[in-house]
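Enquirer:
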Amino acid sequence: MILWELFQTFFLMGFVSFGGGYAMLPIIEKAVTEYGWMSAEHMTNMIAIAGMSPGPVAANSAILIGYSAAGISGAVVSAMAILLPSLILVITVAAFFIKLHHNPVVERMFYGLKPLVTSLIIYAAIKFALANNLITLDISFRSISLVIIFGLSLFALFKLRWNPVYVIALSGLVGIALYS
Amino acid sequence: MKVKAHNRLLFQIFWSFFKISPVTFGGGFAMIPLIIKEIVEKRKWLTNDDITDVIALSQTVPGAVAVNSATFIGQRIGGIRGALAAMIGVSLPTFLIVLALGASYYYVQDNPKLEAAFISIRATIVAIIVFAGIKIAKTAIFDKTTFFIMVVGVPVLFFIHPIVAILLGAITGLVVTSIKTKLGYQIDLKKDKEVDPTIDPDYYMGAGI
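These protein sequence lines are chains A and B, in that order.
At position 100 of the first sequence the residue is numbered 235 (our numbering), and the sequence of numbers has no breaks.
At position 22 of the second sequence the residue is numbered 314 (our numbering), and the sequence of numbers has no breaks.
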């Protein structure tokens with residue numbers, strides 16, 4: 136049952152959702168491949184729309200993956216699945232007055248958790264680069280221009296400090312000019 | 293009468309976050325000034341210090357900072373039902389916007405121009421992921437041990453489930469710090485200077501949120 140698969144995936148993801156949406160891409164990628172919800176290209180398109188929309192990237196991705204896999208009911212189930220852990224955890228923490236901030240045990244866990252979140256994002260970058268033919272042995276106009284677009288996007292984000300939303304929009308225009 | 297007043301409070305909580313929600317572009321921290329304006333200055337439900345506490349706490353709980361902080365604030369004002377009202381309030385507008393964008397994508401997906409645009413956008417998304425990685429590395433990697441965990445983590449992820457890897461990361465943090473303490477090493481658990489996200493929201497952009 137596809138709705139159950141969606142619920143399970145995003146409910147579990149909600150409990151380990153540290154470091155923002157892009158660190159959660161390996162979990163999404165794994166579920167999408169395992170359950171065969173959609174192609175890698177389609178998944179990347181959904182992540183792009185999630186990144187362009189207001190709201191948390193992880194929740195937006197869940198909504199769009201759910202929508203692509205099972206329509207509106209998929210979107211609703213995925214959104215509830217990813218929000219439920221936040222609700223449960225926040226109410227638990229608040230009810231028991233658990234002081235998580237500056238808690239030594241939490242800080243020691245984060246000492247190992249944060250570098251691992253970095254690994255997750257690096258892993259996601261490798262996986263998505265491979266899936267979208269950014270790392271390839273095939274030398275063609277398409278593959279070379281994509282590497283240049285990748286480099287220019289990174290430059291715009293990092294050196295020019297552009298908002299990612301604008302970078303995506305401009306990249307779309309470049310794509311229309313080059314590939315249509 | 294009491295029930296009626298409580299319901300009105302719940303609706304006010306819902307509505308406050310419903311209005312703030314669409315502003316959370318690219319990061320929950322963009323919401324903070326608006327939360328202060330609405331919750332502290334206008335409604336006078338909480339103080340500035342409460343909000344600072346809530347934001348700090350929201351980052352240690354898994355999930356998006358925007359959703360967590362709204363839920364915490366809702367809980368403080370109106371208990372469990374307040375938490376639920378705030379969570380629905382903060383999530384509903386972005387849910388509808390995302391759904392509308394997703395639906396319009398399907399409506400025009402066979403358009404060759406859109407297909408061409410997405411060929412380029414997919415390369416940009418990889419750049420955004422790399423950018424997010426560099427940003428988070430700046431706070432996560434500050435000594436040899438954290439660097440080592442990051443380097444080992446990448447190949448390990450090709451073999452184990454990411455959720456298992458996250459749990460192992462937390463356990464590694466506990467084990468490594470206790471070994472280091474036993475061996476008599478001085479350990480800093482964080483980078484010395486913590487940047488206040490309310491001052492430099494861009495700092496946290498990479499966190500995705």
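Virtual Cβ for every residue (Gly too), placed ideally from N, Cα, C.
Roughly how many angstroms separate the alpha carbons of Met497 (chain B) and Lys427 (chain B), rounded to a whole number?
Expert: For Met497 (chain B), the pLDDT reaches just 37, beneath the cut-off of 50, and the residue's location in the model is therefore unreliable, leaving the point undetermined.
Enquirer: Interface residues of chain B around Ser254 (chain A) at Cβ under 7 Å?
Expert: Per Cβ cutoff of 7 Å: Met442, Gly445, Val446, Leu449.
Enquirer: Beta carbons nearer than 7 Å to chain A: which residues of the segment 390-419 of chain B have them?
Expert: Cβ contacts with chain A come from Val390, Leu391, Leu393, Gly394, Tyr397, Pro404, Lys405, Ala408, Ala409, Phe410, Ile411, Ser412, Ile413, Arg414, Ala415, Thr416, Ile417, Val418, Ala419.
Enquirer: Could you tell me if Ile283 (chain A) is buried or exposed, where buried requires 16 or more neighbouring beta carbons within 10 angstroms of its beta carbon?
Expert: Exposed, because fewer than 16 other Cβ atoms sit within 10 Å of the Cβ of Ile283 (chain A).
Enquirer: Decide if Gly500 (chain B) is buried, meaning its Cβ has at least 16 other Cβ atoms within 10 Å, or exposed.
Expert: At Gly500 (chain B), the pLDDT of 38 sits below 50, so the modelled position is not reliable; the number obtained from the coordinates is stated separately. It counts as buried.
Enquirer: Taking a Cβ distance cut-off of 9 Å, strictly less, list which residues of the segment 150-170 of chain A are near chain B, in chain order.
Expert: Taking 9 Å as the Cβ-Cβ cut-off against chain B, the residues of the segment 150-170 of chain A that qualify are Phe150, Val151, Ser152, Phe153, Gly154, Gly155, Gly156, Tyr157, Ala158, Met159, Leu160, Pro161, Ile162, Glu164, Lys165.
Enquirer: Which of the three DSSP states, helix, strand or coil, is assigned to Pro191 (chain A)?
Expert: Correct three-state label for Pro191 (chain A): coil.
Enquirer: Comparing C-alpha positions only, which one of A:Ile162, A:Ala166, A:Ala175, A:Gly186 sits nearest to Ile458 (chain B)?
Expert: Of the listed residues, the one whose Cα sits closest to Ile458 (chain B) is A:Ile162.
Enquirer: When you compare the CB positions of Ile413 (chain B) and Ser306 (chain A), do they come within less than 8 Å of one another, or not?
Expert: Yes, these two residues count as a Cβ contact at 8 Å.
Enquirer: Provide the residue span of the alpha helix (DSSP H) that contains Gln478 (chain B), from first to last.
Expert: Where Gln478 (chain B) is concerned, there is no enclosing alpha helix (DSSP H), given that its DSSP letter is neither H nor E.
Enquirer: Let me see if you follow: with CB-CB separation under 8 Å, is Val302 (chain A) close to chain B or not?
Expert: By this cut-off, Val302 (chain A) is an interface position.
Enquirer: Give the secondary structure of His298 (chain B) by DSSP, where H, G and I count as helix, E and B as strand, and everything else as coil.
Expert: Reduced to three states, the DSSP call for His298 (chain B) is helix.
Enquirer: I'd like to know whether the C-beta atoms of Gly156 (chain A) and Ala193 (chain A) end up nearer to each other than 8 Å.
Expert: In contact: Gly156 (chain A) and Ala193 (chain A) (Cβ atoms closer than 8 Å).
Enquirer: Please classify Phe310 (chain B): does DSSP put it in a helix, a strand, or coil?
Expert: Helix at Phe310 (chain B).
Enquirer: Using a Cβ distance threshold of 8 Å, determine whether the segment 179-191 of chain A contacts the segment 282-298 of chain A, with at least three qualifying pairs required.
Expert: No, because fewer than three Cβ pairs between the segment 179-191 of chain A and the segment 282-298 of chain A fall closer than 8 Å, the two stretches do not touch.
Enquirer: Taking contact to mean 3 or more Cβ pairs, one atom from each stretch, closer than 8 Å, check whether the segment 218-233 of chain A and the segment 340-354 of chain B are in contact.
Expert: With the cut-off at 8 Å, the segment 218-233 of chain A and the segment 340-354 of chain B touch.
Enquirer: Anyone know if the C-beta pair for Ser213 (chain A) and Ala197 (chain A) falls short of 8 Å?
Expert: Contact: yes.
Enquirer: Locate the alpha helix (DSSP H) running through Ser288 (chain A), then write down its first and last residues.
Expert: Segment 276-293, the alpha helix (DSSP H) holding Ser288 (chain A).
Enquirer: Consult DSSP for Ala229 (chain A) and reduce its assignment to one of helix, strand or coil.
Expert: Here Ala229 (chain A) sits in helix by DSSP.
Enquirer: When you compare the CB of Ala375 (chain B) with every CB in chain D, is at least one pair closer than 8 Å?
Expert: The structure shown contains no chain D; its protein chains are A and B.
Enquirer: Which of the residues in the segment 343-367 of chain B, read from start to end, lie with their CB under 7 Å from any CB of chain A?
Expert: Hits within the stretch, in order: Ala348, Leu349, Thr352, Val353, Pro354, Gly355, Ala356, Ala358, Val359, Asn360, Thr363, Phe364, Gln367.
Enquirer: Under 8 Å, with one C-beta from each stretch per pair, do the segment 257-276 of chain A and the segment 376-388 of chain B reach the 3-pair mark?
Expert: At 8 Å Cβ cutoff, the stretches do not touch.
Enquirer: Tell me whether Ile324 (chain B) is buried or exposed, calling it buried when 16 or more other Cβ atoms sit within 10 Å of its Cβ.
Expert: The residue is buried, with at least 16 neighbouring Cβ atoms inside 10 Å.
Enquirer: Mind the definition here: the segment 437-446 of chain B touches the segment 459-474 of chain B only if three or more C-beta pairs lie below 8 Å; say whether that holds.
Expert: Cβ pair count under 8 Å is three or more, so yes.
Enquirer: Mind checking whether Ala348 (chain B) and Thr363 (chain B) have CB atoms under 8 Å apart?
Expert: Cβ atoms of Ala348 (chain B) and Thr363 (chain B): not closer than 8 Å.
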